[in-house]
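Q: The structure's right below; bear with me while I get my questions together.
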Amino acid sequence: MSLPGYNFAYLDEQTKRMIRRALLKAVAIPGYQVPFASREMPLAYGWGTGGMQVTAAVIGPDDVLKVIDQGADDTTNAVSIRRFFALTAGVRTTERTVEATIIQTRHRIPETPLTAGQILVYQVPQPEPLRKLEPRETETRRMHALAEYGLMHVKLYEDIARHGRITLSYDYPVLVNGRHVMAPSPIPSFDNPKMHRSPALQLFGAGREKRIYAVPPYTSVESLAFEDHPFHPWKANAPCGLCGATDSYLDEVVVDDRGGRLFVCSDTDHCTTRRAAGHRGAAAGHALAGAGE
Amino acid sequence: MSDAPLLSVRELTVRFGRTLAVDRASFELWPGEVLAIVGESGSGKTSLLRAVHGDLPADGGRVQYRLDDGAPVALDALPEPMRRQLARTQWGFVHQNPRDGLRMSVSAGGNVGERLMAAGARHWGGIRAEATEWLRRVEIDPARIDDPPRTYSGGMQQRLQIARVLVTRPRLVLMDEPTGGLDVSVQARLLDLIRRLVSDLGLSVVIVTHDLAVARLLADRMLVMQGGRIVEAGLTDQVLDDPQHPYSQLLVSSVLQA
Amino acid sequence: MYVAVKGGERAIAASHAVLAEARRGDPSVPVLGVDQIEQQLGHAVDRVMAEGALYDRTLAALAIKQAQGDLQEAAFLLRAYRTTLPRFCASLPIDTARMTIARRISATYKDLPGGQILGPTYDYTHRLLDPGLLDDAPVPPAPRAAEPADPAMPRVAALLDQEGLIRPESGDRDAEPPDLTRDPLTFPAARALRLQNLARGDEGFVLAMGYSTQRGYGGAHPFAGEVRYGTVAVEIAPEELGFAIEIGDIAVTECQMVNQFAGSRTEKPQFTRGYGLAFGHSERKAMGMALVDRALMSRELGQDVTAPAQDEEFVLSHSDNVEASGFVQHLKLPHYVDFQSELELIRRLRAEAEERVAEPNREAAE
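Residue numbers (our numbering), protein chains in the order written: chain A, 726 to 1018; chain B, 48 to 305; chain C, 16 to 381.
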């Protein structure tokens, strides 16, 4: 079923074709930001309109959609977007990473490695990795065109000079296919290595800024760094309190007003799947384990 | 000096509306040579320098540069990426105002390191060591490597700009009144530094100045410009001691009287 | 006590229910009709149509009701609806010289062909709260002119044009104008794109930008050549017909600013124009827009670009309140993944800084 009075997946077919053309160009030039005529969506700018337009343009009736925000399927915005596509496209939705054909995400890449044929759609607030260094679009486009990325390295150099390390912990810039510097969206730098040579197709939509870009399957994605200050994907130095995982990105939860902390997997599907398989962390059985279930 | 010019400028012309800023200027620069362009304010000397560097579009003429493999290239025929690549590796431009040539909020080390990084350097320690060495060479205390140039004096800023330009060992350096706007004592120290670096590194330099003393101190040859035209060219001592063109004579005599 | 931030379906549904209740307010007060909004809150309807970029008074009134009078939210509702509409064709340019005038004033000529027509305006009202409006006091009928307004009412810019005193409109008149809603905004932007952007732009933002040019940020010397408000016919020319047909009337406000310009190296001194157009009756918007339009021409006119209102990237990238409101408010969305990364980083940096302080002391002690 879909919403009466609206086209399949909300956008009209002409708009979808326009977005698909932009996507094709983006796939052809990995990491290059393709301007596209972003439409108003019934959600506010900054709430995932770019990702939604990309999803609407690539989704078909047989797709299975998963939507996450901060790694979780049950955060309000993820719920809202998932319901939007359930309503307007009538597609099957899932919380299982392995079952999904399309995963729309804000701020995380699932822990479960993605496979060929899956599409990861990122919601992007600021597609321009150089924007904080150079506010003018005319300048940054020229810098990309000429691959003049000295300024980006100056920023990283300064970080190390001042703090002894690169002080970027999320939205950590990457070099795609050896050519374009790209913003990976505000995923924690912990997730950056998952982008490198991923078998899945990675699509990025920035609605308000009207840009689409892509990383095709098996493309090199290198986090910028220096030879003697290599890239480090940081995470909290603790296992998940609920499932005991030591290799997943963790949310820090304040459990009481005396400074008590609990670290839990940010990827709810990952945590649930592990617990179902019998893995238990130190705080297994905590009320939080049931939250959202 | 080699037997082929490094830079060859032919009939270069620049217009601002109806004004002819540079009128068919031609000159050559030989490897290891320092050439001064002198003239009063408005004579077109800075416009000529900027047109040679490609910052000002020329309305006629051409600039030919000999690459390090000896092959001559016409700069206007080079695609922009190559020209910019050239500008940030083999060429250097020293602005009169250091603010135009430095990133004022980036540390001195970052300023010097930027050209190295743009040329592909990716070893932080190596970049820093090179920057430290260059600060020493331009007589800036390496302890100030992490300070931004806005905390520097005018003379220090200008020396930092020179370090930033020279760090990639350019073959050709263009300077626009590098001592302009500085106190006389600071000027003398800077000129001395420039002279030493030019001879140590064997640089080829085109320097624009209104100050004949600067030309006398640094330049092998000089051009005198008036109203957009080169009115006299020759060895520095010859032009200064025995100027032929009436305007050159006026220029020289006005300095002597001062 | 841990407060669940992860809401889930039930929380959203409950939030929607509370919102609906808040919108209705006290049920003992009669419900507000969309027709009442359309008729009695006309300026709100006009603003929502302008910023929502859709001319439909009933839908705008519905959006205002649905948004509880939050006009930006209402404009957003209208935009989200508009974007789903199919396009049959583009209308011909409206001809404001053929406007059925409700109001028309010029600040540059004491009198001019067609005359000055004051029409409805707050300009000369005393801004005293009117307790009479607390009750439904009947409104006496307004006097009407015996003669209908002169149908020939040339636009002021055309009068200056005849003398060659005003810089002709630049650009190709016959070229198909670019469409902001079908192509992304790129810089430098053509004037048609700039005007489209400003026409949809936030009234407050456009007003403030225009105002800043009057206060020395951009050095404008504007005259309100003309402000006119009334209805114009919208025509389309379907290919299969081969001639134009009227499909209805819309009310618009148009402003033509006349600006001093000293001339440049290549141009003689002459006046320059600034143009503003808004759906409905909104002189503030149209005039602000005309000031900003002129300021954005600075580069083309060879003037220095020093002020914010002259900077097209700055103005055009921040004028849209649907974009601005969304992005500012998206800060309410959870950011704990990124915040966690920052938390880890700052702890690590602090620990390292403490180690650095401790180390020299250790050396000294040895």
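Ideal Cβ placement from N, Cα and C applies to all residues, glycine included.
Scan the region 93–178 of chain C and note each continuous alpha helix (DSSP H) run of 4 residues or more that stays entirely inside, going in chain order.
A: 171–177
Q: Cβ of residue 369 of chain C less than 7 angstroms from any chain A Cβ?
A: In the third sequence, counting from the first residue as 1, residue 369 of chain C sits at position 354. No Cβ of chain A is located within less than 7 angstroms of the beta carbon of residue 369 of chain C.
Q: Take the Cβ of residue 177 of chain B as the centre, count every other Cβ of all protein chains shown within 10 Å, and call the residue buried at 16 or more, exposed below.
A: Here the question's residue 177 of chain B lines up with position 130 in the second sequence. Residue 177 of chain B counts as buried, since at least 16 other C-beta atoms from the protein chains shown sit within 10 angstroms of its C-beta.
Q: Give a yes or no on whether the minimum CB-CB distance between residue 729 of chain A and chain C is below 7 angstroms.
A: As a position in the first sequence, residue 729 of chain A is number 4, starting the count at 1. It does not: the Cβ of residue 729 of chain A has no partner Cβ on chain C nearer than 7 angstroms.
Q: Does the distance from the C-beta atom of residue 976 of chain A to that of residue 989 of chain A stay below 7 angstroms?
A: For the purposes of this step, residue 976 of chain A is identified with residue 251 of the first sequence, where counting begins at 1. For the purposes of this step, residue 989 of chain A is identified with residue 264 of the first sequence, where counting begins at 1. Cβ distance < 7 angstroms, so residue 976 of chain A and residue 989 of chain A count as in contact.
Q: Specify whether the region 819–836 of chain A and the region 789–805 of chain A touch according to this definition: at least 3 beta carbon pairs, one from each stretch, less than 8 angstroms apart.
A: yes
Q: Can you check the region 760–800 of chain A for any beta strand (DSSP E) of at least 3 residues that lies completely inside it and give the ranges in chain order?
A: 789–794
Q: Name the DSSP bridge partner or partners of residue 844 of chain A?
A: As a first step, residue 844 of chain A must be located in the first sequence, where it is residue number 119. For residue 844 of chain A, which the question treats as bridged, DSSP gives the partners A:827, A:926.
Q: How far does the beta strand (DSSP E) with residue 274 of chain C in it reach, from first residue to last?
A: For the purposes of this step, residue 274 of chain C is identified with residue 259 of the third sequence, where counting begins at 1. It spans 260–274 - the beta strand (DSSP E) in which residue 274 of chain C sits, taken as one unbroken run.
Q: Would you kindly work out how many angstroms separate the C-alpha atoms of residue 1033 of chain A and residue 995 of chain A, rounded to a whole number?
A: Examination of residue 1033 of chain A is not possible in this model, given that chain A is present from 726 through 1018 alone.
Q: Classify residue 20 of chain C as helix, strand or coil using the three-state DSSP reduction.
A: The residue you call residue 20 of chain C lines up with position 5 of the third sequence. Reliability of the predicted coordinates at residue 20 of chain C is poor, the pLDDT of 46 falling under 50, and no value is obtained from them.
Q: Taking only the alpha-carbon atoms, compute the straight-line gap between residue 248 of chain C and residue 166 of chain C and give it to the nearest angstrom.
A: Counted from its first residue, the third sequence places residue 248 of chain C at position 233. Counted from its first residue, the third sequence places residue 166 of chain C at position 151. Rounded to the nearest angstrom, the two C-alpha atoms are 14 angstroms apart.
Q: From the DSSP output, which residues share a beta bridge with residue 220 of chain B?
A: Translated into the one-based positions of the second sequence, residue 220 of chain B becomes position 173. Its beta-bridge partners are B:139, B:252.
Q: CA-CA distance, residue 169 of chain B and residue 949 of chain A?
A: By 1-based counting over the second sequence, the position of residue 169 of chain B is 122. By 1-based counting over the first sequence, the position of residue 949 of chain A is 224. If you take the alpha carbons of residue 169 of chain B and residue 949 of chain A, they lie about 10 angstroms apart.
Q: Which of the three DSSP states is assigned to residue 29 of chain C in this structure?
A: In the third sequence, residue 29 of chain C corresponds to position 14, counting from 1. Helix at residue 29 of chain C.
Q: Name the chain A residues that come within less than 9 angstroms of residue 193 of chain C, Cβ to Cβ?
A: Counted from its first residue, the third sequence places residue 193 of chain C at position 178. Within chain A, no residue comes near residue 193 of chain C; the closest Cβ sits about 11 angstroms away, beyond 9 angstroms.
Q: To the nearest angstrom, how far is the alpha carbon of residue 251 of chain B from that of residue 270 of chain B?
A: Taking the second sequence and counting its residues from 1, the one referred to as residue 251 of chain B is at position 204. Taking the second sequence and counting its residues from 1, the one referred to as residue 270 of chain B is at position 223. Distance between the alpha carbons of residue 251 of chain B and residue 270 of chain B is about 15 angstroms.
Q: Any idea what DSSP makes of residue 851 of chain A, helix, strand or coil?
A: Counted from its first residue, the first sequence places residue 851 of chain A at position 126. Coil at residue 851 of chain A, not helix or strand.
Q: Are residue 228 of chain C and residue 160 of chain C touching if we call contact CB-CB under 7 angstroms?
A: Indexing the third sequence from 1 puts residue 228 of chain C at position 213. Indexing the third sequence from 1 puts residue 160 of chain C at position 145. The answer is no: Cβ separation not under 7 angstroms.
Q: For the 8 angstroms Cβ check, are there 3 or more pairs between the region 249–268 of chain C and the region 120–135 of chain C?
A: no
Q: Measuring CA to CA, which of C:313, C:210, C:89, C:127 is closest to residue 192 of chain C?
A: Taking the third sequence and counting its residues from 1, the one referred to as residue 192 of chain C is at position 177. Checking every option, the nearest Cα to that of residue 192 of chain C belongs to C:210.
Q: Taking the Cβ atom as the reference point for each residue, do residue 846 of chain A and residue 940 of chain A lie within a distance shorter than 7 angstroms?
A: Along the first sequence, read from residue 1 onward, the residue named residue 846 of chain A stands at position 121. Along the first sequence, read from residue 1 onward, the residue named residue 940 of chain A stands at position 215. Taking C-beta atoms as the reference points, residue 846 of chain A and residue 940 of chain A fail to come closer than 7 angstroms.
Q: Pull up the CB-CB distance for residue 905 of chain A and residue 946 of chain A, whole angstroms please, since I reckon it's below 8 angstroms.
A: Position 180 of the first sequence holds residue 905 of chain A. Position 221 of the first sequence holds residue 946 of chain A. Actually they do not touch by this definition, with Cβ atoms about 10 angstroms apart.
Q: By how many angstroms is the C-alpha of residue 979 of chain A removed from the C-alpha of residue 1009 of chain A?
A: Position 284 of the first sequence, counted from the first residue, corresponds to residue 1009 of chain A. Position 254 of the first sequence, counted from the first residue, corresponds to residue 979 of chain A. Distance between the alpha carbons of residue 1009 of chain A and residue 979 of chain A: 16 angstroms.
Q: For the alpha helix (DSSP H) holding residue 876 of chain A, just list the boundary residues, first then last.
A: For the purposes of this step, residue 876 of chain A is taken as residue 151 along the first sequence, with counting starting at 1. Residues 875–888.
Q: Closer than 7 angstroms, CB to CB, is residue 198 of chain C near chain A or not?
A: For the purposes of this step, residue 198 of chain C is taken as the residue at position 183 of the third sequence. Yes, its Cβ sits closer than 7 angstroms to a Cβ of chain A.
Q: Give the DSSP-derived three-state secondary structure of residue 207 of chain C in the structure shown.
A: Within the third sequence, numbered from 1, the residue matching residue 207 of chain C stands at position 192. Residue 207 of chain C: helix per DSSP, three-state reduction.
Q: May I have the straight-line CA-CA distance separating residue 381 of chain C from residue 887 of chain A, to the nearest angstrom?
A: Taking the first residue of the third sequence as 1, we reach residue 381 of chain C at position 366. Taking the first residue of the first sequence as 1, we reach residue 887 of chain A at position 162. Summary for residue 381 of chain C: the model assigns pLDDT 49, below 50, so the residue's position carries little reliability; its value from the coordinates is reported in the next sentence. In this model, residue 381 of chain C and residue 887 of chain A are separated by some 28 angstroms (Cα to Cα).
Q: The alpha helix (DSSP H) with residue 309 of chain C in it runs from where to where?
A: Residue numbering aside, residue 309 of chain C sits at position 294 when the third sequence is read from its first letter. Residues 298–310.
Q: Counting only Cβ pairs nearer than 8 angstroms, list the residues of chain A close to residue 249 of chain C.
A: For this step, residue 249 of chain C is matched to residue 234 along the third sequence. Ordered by position in chain A, no residue passes the 8 angstroms Cβ test against residue 249 of chain C, which lies about 22 angstroms from the chain.
Q: Leaving out five residues on either side along the sequence, give the residues of the same chain with a beta carbon under 8 angstroms from the beta carbon of residue 193 of chain B.
A: Residue mapping note: residue 193 of chain B aligns to position 146 of the second sequence, counting from 1. For residue 193 of chain B, where only same-chain residues beyond five positions count, the Cβ hits under 8 angstroms are 154, 155, 156.
Q: So residue 99 of chain C contacts chain A; which residues on that side make the cut at Cβ distance below 8 angstroms?
A: The residue labelled residue 99 of chain C in the question sits at position 84 within the third sequence. Here the neighbours are 731, 732, 735, 736, 737.
Q: Under 8 angstroms, CB to CB, which of the residues in the region 744–767 of chain A have a partner in chain B?
A: Answer set for the region 744–767 of chain A: empty.
Q: Can you grab the Cα-Cα spacing for the pair residue 267 of chain B / residue 282 of chain B, in whole Å?
A: Reading the second sequence from its first residue, position 220 is the one you call residue 267 of chain B. Reading the second sequence from its first residue, position 235 is the one you call residue 282 of chain B. Each residue's alpha carbon lies about 6 angstroms from the other.
Q: Quick one: list the residues of chain C neighbouring residue 973 of chain A, beta-carbon separation under 7 angstroms, in chain order.
A: Looking up residue 973 of chain A in the first sequence gives position 248. Here the premise fails: no neighbours, minimum Cβ distance about 12 angstroms.
Q: If you run the structure through DSSP and keep just helix, strand and coil, what is residue 267 of chain B?
A: For the purposes of this step, residue 267 of chain B is taken as residue 220 along the second sequence, with counting starting at 1. Three-state result, residue 267 of chain B: coil.
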